[in-house]
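Per mature numbering (1 follows the signal peptide of the UniProt record, and there is no 0): the sequence shown = residues -23 to -1, 1 to 353. Worksheet for the structure shown next.
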Amino acid sequence: MPILIRFACFLCVYAILTPTVTCNDNLTSKSWPGEAWRADDKENPFVIIVESTSYKSKFLKSELEREGFKATAMSHVLNRPGDTNMEGAEVNPFRNFNTFINSFVFPESFAFYLLWRLGEDWAHMAMCYLRNLLSGVVIYYATAGAFHVFVYVIDSESLFRTGKRRRPTRETIKDQIWLAQRSMFLYVALPVFSDWLIEGGYTYCYYSMEEIGGFGWWLVFTLIYFATVEVGIYWMHRTLHTNKWLYRNVHSRHHMYKTPETLTPWASIAFNPVDGILQASPYVICLLFIPCHYLTHLLMVFSTAIWATFIHDTMDTELGWVMGARYHTVHHTHYMYNFGQVFSFADWWWGTLREPDGKTTDKQRGGVGGKVVKGE
């Protein structure tokens, strides 16, 4: 059965099992996350889920700091400081944001059902998981589909007319889509676990820049966080190659695509789901000891999906120190080079950077003869 038919069947089953939405079920008339969207209906299941938790910032230690923060907070802050639940405790802004997003995805009747069967916390996590699964499917097909149209339709004539570069076969693309779709069911559980840690106060994630002193400190911590994540992904990816058991049982499936004609945008998450979770885990682990703005963190994770699609399209775009598609093609053809995710500084420092020296053609196999650059 073609993969698109399977996907259509999945959507049909979802539509059938999800209770019908009535005009009173949606919250689209409510304001952006803050207090107002919950003010009118305290019996709404999403409101019940939000108000079952509280929040205390790690970065505002004294009551004086907290009161000053509330007084000077800007109006654009999504969850206004001082926004309290029925018991007078500050509402958890992370859960407030996630529940607000969930309210656009699921009808109240479905949320009530989960709330009745699972309780506030598990119902919330279940909806976050289902939301991530649906959004993951949409993002995967949208981004890979867009790159597919550009590479194999719009730019097809210039790329393949010389015969030096062959198109990927239909079977290769179908295999990648099927593998990606299967892995997604487990892969999307990682951001759910991340949100559980964040909402529970186990990380140094913060919701408003004002909590850490404004834009300057946001920029400093964001650079530290992203650089540390990059190093963490480098070593995780390198370990998946150097550890024989991990490579054989976890990572090797993704490296079945080892020539330019077998690399396509659809290969971005065509891997063992444990492989994807391990490589993405530094985004979660680093939150345990490095402050990071919550929406910045979400943007990074979202951008990773698009970036993974880009670096598997085997295009010859020059991006300097950025670990673009040419570098990642070399990784697939030579295995022990170019382990970085976005930037090449970790590979340069630890001596695994291999610079491609030509076009990504069948003859050159993604840069055979490219020099290995070692840090000093």
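C-beta atoms are modelled at their ideal positions from N, C-alpha and C, and glycine is treated no differently. Everything numeric in this text was worked out from a predicted model, so none of it was measured.
Fill in: Straight-line Cα distance separating His125 from Gln158
17 Å
Worksheet entry | Residue of Pro22, Tyr184, Ile288 and Thr281 minimising C-alpha distance to Tyr32 | Tyr184
Item to complete: In angstroms with no decimal places, state the Cα-to-Cα distance between Asp98 and Thr219.
Response: Approximately 40 Å between the Cα atoms of the pair.
Item to complete: Just confirm the distance between the C-beta atoms of Ala282 and Met292, as a whole number of angstroms; I'd bet it's less than 8 Å.
Response: Wrong, their Cβ atoms sit about 18 Å apart, outside the cutoff.
Discussion item. Buried or exposed, going by whether 16 or more other CB atoms sit within 10 Å of the CB of Trp298?
Written reply: exposed
Practice prompt. Helix, strand or coil for Glu67, going by three-state DSSP, please let me know.
Written response: strand
Discussion item. So, under 8 Å CB-CB, Met186 and His270 are touching, yes? Tell me the CB distance rounded to an integer number of Å.
Written reply: That pair is a contact at about 6 Å.
Worksheet item: Three or more C-beta pairs closer than 8 Å, one from the stretch 227 to 238 and one from the stretch 248 to 265: is that the case here?
Response: At 8 Å Cβ cutoff, the stretches touch.
Worksheet item: Under a Cβ-count criterion, where at least 16 other Cβ atoms within 10 Å of its own Cβ denotes burial, should Val197 be classed as buried or exposed?
Response: Classification of Val197: exposed, given that the 10 Å Cβ count is below 16.
Worksheet entry | Coarse secondary structure for residue 354, derived from DSSP in three states | It is not possible to answer for residue 354, since the shown part of the chain is limited to -23 through 353.
Worksheet item: First and last residue of the alpha helix (DSSP H) that includes Ala166?
Response: Ala166 to Glu176
Worksheet item: Which residues bound the alpha helix (DSSP H) around Tyr234?
Response: Run containing Tyr234: none; DSSP gives neither H nor E here.
Worksheet item: Which residue from Tyr117, Phe316 and Met104 puts its Cα closest to that of Phe81?
Response: Met104
Worksheet item: Are Val68 and Leu110 close, meaning C-beta to C-beta below 8 Å?
Response: no
Worksheet item: What do you get for Tyr234, buried or exposed, if any count of 16 or more other CB atoms within 10 angstroms of its CB means buried?
Response: buried
Worksheet item: What is the DSSP secondary structure of Phe320, counted as helix, strand or coil?
Response: Phe320 falls in the strand class under three-state DSSP.
Practice prompt. Drop a sphere of 10 angstroms on the beta-carbon of Leu200, count the other beta-carbons inside from all chains shown, and report buried for 16 or more, exposed for fewer.
Written response: When all chains shown are included, Leu200 counts as exposed.
Discussion item. Going by the DSSP bridge assignment, what does His270 pair with across the sheet?
Written reply: In the DSSP secondary-structure assignment, His270 is bridged to Tyr183.
Worksheet item: Closest by CA to Trp212, which one among His232, Val130, Pro259 and Ala247?
Response: Pro259
Discussion item. Strictly by DSSP, which residues pair up with Val299?
Written reply: Phe320
Worksheet item: First and last residue of the alpha helix (DSSP H) that includes Phe246?
Response: Note that residue 246 corresponds to Ile in the displayed sequence, not to Phe. Taken as a continuous stretch (DSSP letters only), Ile246 belongs to no alpha helix (DSSP H), as it is neither H nor E.
Item to complete: In angstroms with no decimal places, state the Cα-to-Cα distance between Leu265 and Tyr179.
Response: C-alpha separation (whole angstroms): 7 Å.
Worksheet entry | Bounding residues of the alpha helix (DSSP H) (the contiguous stretch that carries Met313) | Unbroken run through Met313: none, as it is neither H nor E.
Item to complete: Decide if Asp290 is buried, meaning its Cβ has at least 16 other Cβ atoms within 10 Å, or exposed.
Response: buried
Practice prompt. Assuming Val238 contacts Arg143 (C-beta within less than 8 Å), just tell me the rounded distance between them.
Written response: In the sequence as presented, Val is not what sits at residue 238; that position holds Glu. Confirmed, about 4 Å.
Worksheet item: Considering only the beta carbon of each residue, do Thr30 and Arg72 sit closer than 8 Å?
Response: yes
Worksheet item: Should the stretch 76 to 90 be regarded as contacting the stretch 114 to 134, the criterion being three or more beta carbon pairs within less than 8 Å?
Response: no
Worksheet item: What residue does the alpha helix (DSSP H) around Arg215 start on, and which one ends it?
Response: Phe192 to Thr219
Worksheet item: So Val27 is in the alpha helix (DSSP H); what residue range does that whole segment cover?
Response: Pro22 to Val27
Practice prompt. Output the boundary residues of the alpha helix (DSSP H) element that contains Val261.
Written response: Pro259 to Ile262
Fill in: Ile175 versus Val278: straight-line alpha-carbon distance, rounded
15 Å
Worksheet entry | Rounded C-alpha distance that separates Met51 from Gly191 | Its pLDDT being 39, under 50, Met51 is placed unreliably by the model, and the measurement read from it follows with that caveat. For Met51 and Gly191, the distance between alpha carbons rounds to 11 Å.
Worksheet item: How should Leu163 be labelled, buried or exposed, when 16 other C-beta atoms within 10 angstroms of its C-beta is the threshold for buried?
Response: exposed
Discussion item. Once the 5 residues before and after Thr216 are set aside, which same chain residues still bring their CB inside 8 Å of it?
Written reply: Leu223
Discussion item. Once the 5 residues before and after Gly177 are set aside, which same chain residues still bring their CB inside 6 Å of it?
Written reply: Counting only Cβ-Cβ distances below 6 Å, and skipping sequence neighbours, we find nothing.
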